[in-house]
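> Keeping their order, the protein sequence lines are chains V and F. Taking this note's numbering, the leading residue of the first sequence gets 395, the next gets one more, and so forth. Taking this note's numbering, the leading residue of the second sequence gets 395, the next gets one more, and so forth. Don't be surprised by glycine CBs; every beta carbon is placed ideally from N, CA and C.
There are 2 protein chains.
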Amino acid sequence: MATHSRWVLASRPSGMPEEANFRLEQGPVPEAKQGELLAEILYLTVDPYMRGRIKNAASYAKPVEIGELMQGGGVGRVIASNNPKFAPGDIVEGMTGWQSHVATDGKGYRKVDPSLAPVSTALGILGMPGLTAYFGLLDVGQPKAGETVLVSGAAGAVGSLVGQIGKITGCRVVGIAGADDKCRWLTEELGFDAAFNYKTVADYRAKLRELCPNGIDVYFDNVGGTITDAAIAEMNQFGRISICGQISGYNADKPETGPRLLFHFVVRRLRAQGFLVFDFFDRYPEGLRQMAAWLSEGKLKYREQFDYGIERVPAAFIAMLEGQNTGKMLVKVAD
Amino acid sequence: MATHSRWVLASRPSGMPEEANFRLEQGPVPEAKQGELLAEILYLTVDPYMRGRIKNAASYAKPVEIGELMQGGGVGRVIASNNPKFAPGDIVEGMTGWQSHVATDGKGYRKVDPSLAPVSTALGILGMPGLTAYFGLLDVGQPKAGETVLVSGAAGAVGSLVGQIGKITGCRVVGIAGADDKCRWLTEELGFDAAFNYKTVADYRAKLRELCPNGIDVYFDNVGGTITDAAIAEMNQFGRISICGQISGYNADKPETGPRLLFHFVVRRLRAQGFLVFDFFDRYPEGLRQMAAWLSEGKLKYREQFDYGIERVPAAFIAMLEGQNTGKMLVKVAD
Numbered sequence: 395m396a397t398h399s400r401w402v403l404a405s406r407p408s409g410m411p412e413e414a415n416f417r418l419e420q421g422p423v424p425e426a427k428q429g430e431l432l433a434e435i436l437y438l439t440v441d442p443y444m445r446g447r448i449k450n451a452a453s454y455a456k457p458v459e460i461g462e463l464m465q466g467g468g469v470g471r472v473i474a475s476n477n478p479k480f481a482p483g484d485i486v487e488g489m490t491g492w493q494s495h496v497a498t499d500g501k502g503y504r505k506v507d508p509s510l511a512p513v514s515t516a517l518g519i520l521g522m523p524g525l526t527a528y529f530g531l532l533d534v535g536q537p538k539a540g541e542t543v544l545v546s547g548a549a550g551a552v553g554s555l556v557g558q559i560g561k562i563t564g565c566r567v568v569g570i571a572g573a574d575d576k577c578r579w580l581t582e583e584l585g586f587d588a589a590f591n592y593k594t595v596a597d598y599r600a601k602l603r604e605l606c607p608n609g610i611d612v613y614f615d616n617v618g619g620t621i622t623d624a625a626i627a628e629m630n631q632f633g634r635i636s637i638c639g640q641i642s643g644y645n646a647d648k649p650e651t652g653p654r655l656l657f658h659f660v661v662r663r664l665r666a667q668g669f670l671v672f673d674f675f676d677r678y679p680e681g682l683r684q685m686a687a688w689l690s691e692g693k694l695k696y697r698e699q700f701d702y703g704i705e706r707v708p709a710a711f712i713a714m715l716e717g718q719n720t721g722k723m724l725v726k727v728a729d
Numbered sequence: 395m396a397t398h399s400r401w402v403l404a405s406r407p408s409g410m411p412e413e414a415n416f417r418l419e420q421g422p423v424p425e426a427k428q429g430e431l432l433a434e435i436l437y438l439t440v441d442p443y444m445r446g447r448i449k450n451a452a453s454y455a456k457p458v459e460i461g462e463l464m465q466g467g468g469v470g471r472v473i474a475s476n477n478p479k480f481a482p483g484d485i486v487e488g489m490t491g492w493q494s495h496v497a498t499d500g501k502g503y504r505k506v507d508p509s510l511a512p513v514s515t516a517l518g519i520l521g522m523p524g525l526t527a528y529f530g531l532l533d534v535g536q537p538k539a540g541e542t543v544l545v546s547g548a549a550g551a552v553g554s555l556v557g558q559i560g561k562i563t564g565c566r567v568v569g570i571a572g573a574d575d576k577c578r579w580l581t582e583e584l585g586f587d588a589a590f591n592y593k594t595v596a597d598y599r600a601k602l603r604e605l606c607p608n609g610i611d612v613y614f615d616n617v618g619g620t621i622t623d624a625a626i627a628e629m630n631q632f633g634r635i636s637i638c639g640q641i642s643g644y645n646a647d648k649p650e651t652g653p654r655l656l657f658h659f660v661v662r663r664l665r666a667q668g669f670l671v672f673d674f675f676d677r678y679p680e681g682l683r684q685m686a687a688w689l690s691e692g693k694l695k696y697r698e699q700f701d702y703g704i705e706r707v708p709a710a711f712i713a714m715l716e717g718q719n720t721g722k723m724l725v726k727v728a729d
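1. Relative to the C-alpha of V/I610, which candidate in V/A600, V/G633, V/F590, V/R471 has its C-alpha closest?
2. Kindly indicate which residue of V/E412, V/Y443, V/G446 has the alpha-carbon position closest to the one of V/A404.
3. Mapping DSSP to helix, strand and coil, what is F/I570?
4. Going by beta-carbon coordinates alone, are V/A571 and V/A549 separated by less than 9 Å?
5. Using beta-carbon positions only, say whether V/Y696 and V/T439 come within less than 9 Å of one another.
6. To the nearest angstrom, how far is the alpha carbon of F/R731 from that of F/T490?
7. Round the Cβ separation of F/L544 and F/A625 to the nearest angstrom and send it over; I've been treating them as touching at under 8 Å.
8. Can you tell me whether F/T498 is buried or exposed, with buried defined as 16 or more other CB within 10 angstroms of its CB?
9. Going by C-alpha to C-alpha distance, which of V/G721, V/V727, V/E583, V/Y598 sits closest to V/D441?
10. Report yes or no: is there a C-beta of chain F within less than 9 Å of the C-beta of V/P649?
11. Going by DSSP, what residue range makes up the alpha helix (DSSP H) through V/S453?
12. In terms of residue numbering, what span does the beta strand (DSSP E) encompassing F/S399 cover?
13. Rounded to the nearest angstrom, how far is the Cβ of F/A426 from that of F/L432, given a contact under 8 Å?
14. Using only CA atoms, which one of V/Q640, V/A596, V/D574, V/D597 lies nearest to V/Y613?
15. Report yes or no: is there a C-beta of chain V within less than 9 Å of the C-beta of F/A797?
16. Of all the residues that make up the region 440-470 of chain V, which are near chain F by a beta-carbon distance shorter than 7 Å?
17. Going by CA-CA distance only, name the one from F/G409, F/S408, F/M410, F/L436 that's closest to F/S399.
18. Does the distance from the CB of F/K726 to the CB of F/G692 come in under 9 Å?
19. Just checking: is the beta-carbon of V/L670 within a distance shorter than 9 Å of some beta-carbon in chain F?
20. Spell out a yes or no on whether the region 651-659 of chain V and the region 464-484 of chain V are touching, meaning 3 or more CB-CB pairs, one atom from each, closer than 8 Å.
21. If you draw a straight line from the C-alpha of F/E434 to the C-alpha of F/G421, how long is it?
22. What residues from chain V crowd round F/V556, counting only those whose CB sits closer than 7 Å?
23. Am I right that V/N616 and V/G524 are in contact with their C-beta atoms under 8 Å? What's the rounded C-beta distance?
24. Helix, strand or coil: which one does DSSP assign to V/A539?
25. Closest to V/S636 by CA distance: which of F/L664, F/G461, F/G470, F/I635 is it?
26. Nearest by alpha-carbon distance to F/C606: which of F/L656, F/G681, F/F529, F/F586 is it?
27. Between the region 670-701 of chain F and chain V, which residues of the former have a C-beta closer than 7 Å to a C-beta of the latter?
28. Does V/L656 have its Cβ less than 9 Å from a Cβ in chain F?
29. Compare the C-beta of V/D615 with all C-beta atoms of chain F and state if any pair is closer than 9 Å.
30. Helix, strand or coil: how does DSSP classify F/I519 here?
31. Looking at the structure shown, is V/F675 part of a helix, part of a strand, or coil, going by DSSP?
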């Protein structure tokens, strides 16, 4: 008989999370009640925003409480349904939580077309990370052909797509990542014009001046911290900063300090805008349609990095926070 | 015979400028050459941006070199003209520099209508500070009726107008200034809903929560530093930050440090935009027309604070940087 496995938050991490902050609970597989579907989960995603959900602080979403199911997205196969919108065999994507099965009324779930691409891409290029890259670069950053786009966290699920969309837009694209092989992937496979490994470069500003000889017009920021200090200092007049994430500070227990940056904003008329992909909810169909079109035309490439088994989800989450992934980090939970 | 007096930069200040950083030079009054007008200067303005012009650093404008005439705006009366666009008796406004007379080809100068308001207002409410408040609040900040607007440097030439325009827009307006009498002026005469003296308040965030019970939607920032740290931490989702100046840091020789602020941008989808009034050059007529209309309708009030005599310009400039002025700081140079 199948077992239902679910990860709950056991304790709040201080600094980098540890596996012991999560606890695996097991029990009987739930049933699909009236109006519900039951899905067996195939893939779970681990994403930077989850670090915010396990802080004891109000954010744009309610934090996960101790003992509660850990929040997160997943792709599953419907195995029973008392909901007329879903049938057994359907592949669905939604906020399943970190578990092996989900019984849900289907609100916020969508069906995934397995003929379009591997269904795991519903958690990556054809899902939330893809939409984040699409709207965060094009709507918030507003790049124009001929401009220079800089991306931090460039080898991650979002950053690697941002750079490619920047190339489609006709920009010079420069990426910052944390390993030489990631940088080679960006320039040799994804078409970035240049990339550098921030772990082996001492003077970020000098490196940015070298790789962005015409300055930076759009900075897509996933990381914050000292990389962002340097990027903002090298921006052109009327530059735009699209603030997607600040992962370098997510494990900090107190706000970190750094040089004051707002003076640059006056002198160079910079604009910084934070965003969440949910702000563009009404336009998800447009974004998904365009990302799928670019993918089928060969204009976008992606990489997925898998861990295997429900028991590995916390480890995969921590590995992602440590920057061990290239492209989208996923856990394959069932075949 | 009249003497021409002019202030040149004698040395670059370190920290707060001193009068000794400027040198008064005297000589014969220049003549209006072919195509030029000669004006006797009536009023000179001292403004925060001038601190940036005497740094040895590239900014949006070339710095004043040692020995060069100090840059700045003034209002003058034409006393001779070989330029068909200007006649003796005309009142003109332009970048005269800190001097008693100016001979110029008239480029960048405009005629001032003395029937509209005292001609000194061409350096304040009906000039650059007025336009800065108008475009910086309405275009950059985009306040909507019912929202809360917070203004730092609220008793200055720009801030005092920003708050009043916020009231015209239908917003709750809260000001931050550096003296109790300035705060009384804001609330009792200008119609601000509340104001506080940052020099006598220890916990800015608590005070902001008290005075902005619905949070802050638009923050018009003239000062930066710890006041801005607190303001940004108290902003509402989708809040806008219009960055006009960062006067608290202008005398710093090195970039100051402070808490990293960009995480707030992601969580609350904030937008910060720096601007210079010159960016709106094409729309100056609109701005001046509207400010003059509001002034004549009694919807805007202003205060001017005068020092007297060309020899007092550096002292007035320093007093303004120290926050000794309420409203627009000017030097009356001639009757």
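According to the data block:
1. On the first sequence, position 216 is the one that residue 610 of chain V refers to. It is V/G633.
2. Counting from 1 along the first sequence, the entry for residue 404 of chain V is found at position 10. Answer by Cα proximity: V/E412.
3. For the purposes of this step, residue 570 of chain F is taken as the residue at position 176 of the second sequence. Three-state DSSP puts F/I570 in a strand.
4. In the first sequence, residue 571 of chain V corresponds to position 177, counting from 1. In the first sequence, residue 549 of chain V corresponds to position 155, counting from 1. Against a cut-off of 9 Å, the Cβ pair of V/A549 and V/A571 comes out as a contact.
5. Taking the first residue of the first sequence as position 1, residue 696 of chain V is located at position 302. Taking the first residue of the first sequence as position 1, residue 439 of chain V is located at position 45. No, the Cβ-Cβ distance between V/Y696 and V/T439 is not below 9 Å.
6. Nothing in the structure corresponds to residue 731 of chain F, since chain F is present only between 395 and 729.
7. Within the second sequence, the letter at position 150 stands for residue 544 of chain F. Within the second sequence, the letter at position 231 stands for residue 625 of chain F. Confirmed, about 6 Å.
8. On the second sequence, residue 498 of chain F is found 104 positions in, with the first residue counted as 1. Counting Cβ neighbours within 10 Å, F/T498 comes out buried, since at least 16 surround it.
9. Here the question's residue 441 of chain V lines up with position 47 in the first sequence. Nearest of V/G721, V/V727, V/E583, V/Y598 to V/D441, Cα basis: V/G721.
10. Taking the first sequence and counting its residues from 1, one reaches residue 649 of chain V at position 255. Output row for V/P649: interface = yes.
11. On the first sequence, residue 453 of chain V is found 59 positions in, with the first residue counted as 1. No alpha helix (DSSP H) holds V/S453; DSSP gives it neither H nor E.
12. The residue given as residue 399 of chain F occupies position 5 in the second sequence. Where F/S399 is concerned, the enclosing beta strand (DSSP E) stretches over 397-403.
13. For this step, residue 426 of chain F is matched to residue 32 along the second sequence. For this step, residue 432 of chain F is matched to residue 38 along the second sequence. That pair is a contact at about 4 Å.
14. As a position in the first sequence, residue 613 of chain V is number 219, starting the count at 1. Of V/Q640, V/A596, V/D574, V/D597, the residue nearest in Cα terms is V/Q640.
15. Outside the displayed range of chain F (395 to 729) lies residue 797 of chain F, so it cannot be described from this structure.
16. S453, Y454
17. Translated into the one-based positions of the second sequence, residue 399 of chain F becomes position 5. Ranking the options by Cα distance to F/S399, first place goes to F/L436.
18. Within the second sequence, numbered from 1, the residue matching residue 726 of chain F stands at position 332. Within the second sequence, numbered from 1, the residue matching residue 692 of chain F stands at position 298. Cβ distance not < 9 Å, so F/K726 and F/G692 don't count as in contact.
19. The residue labelled residue 670 of chain V in the question sits at position 276 within the first sequence. Yes, its Cβ sits closer than 9 Å to a Cβ of chain F.
20. no
21. Numbered from 1 along the second sequence, position 40 holds the residue referred to as residue 434 of chain F. Numbered from 1 along the second sequence, position 27 holds the residue referred to as residue 421 of chain F. One C-alpha to the other measures close to 14 Å.
22. In the second sequence, the residue the question calls residue 556 of chain F occupies position 162. Against F/V556, chain V offers no close residue; the least beta-carbon distance is about 15 Å (beta-carbon pairs closer than 7 Å).
23. Numbered from 1 along the first sequence, position 222 holds the residue referred to as residue 616 of chain V. Numbered from 1 along the first sequence, position 130 holds the residue referred to as residue 524 of chain V. 14 Å between Cβ atoms; not a contact.
24. Looking up residue 539 of chain V in the first sequence gives position 145. Here V/A539 sits in coil by DSSP.
25. Here residue 636 of chain V is taken as the residue at index 242 of the first sequence, counted from 1. Checking every option, the nearest Cα to that of V/S636 belongs to F/L664.
26. Taking the second sequence and counting its residues from 1, one reaches residue 606 of chain F at position 212. Comparing Cα-Cα distances from F/C606 to each of F/L656, F/G681, F/F529, F/F586, the minimum goes to F/F586.
27. L670, D673
28. Walking along the first sequence from the start, residue 656 of chain V turns up at place 262. At least one C-beta of chain F is nearer than 9 Å to the C-beta of V/L656.
29. Here residue 615 of chain V is taken as the residue at index 221 of the first sequence, counted from 1. So, interface residue.
30. Indexing the second sequence from 1 puts residue 519 of chain F at position 125. Coil, per DSSP.
31. Stepping through the first sequence from its first residue, residue 675 of chain V is reached at position 281. V/F675: helix per DSSP, three-state reduction.
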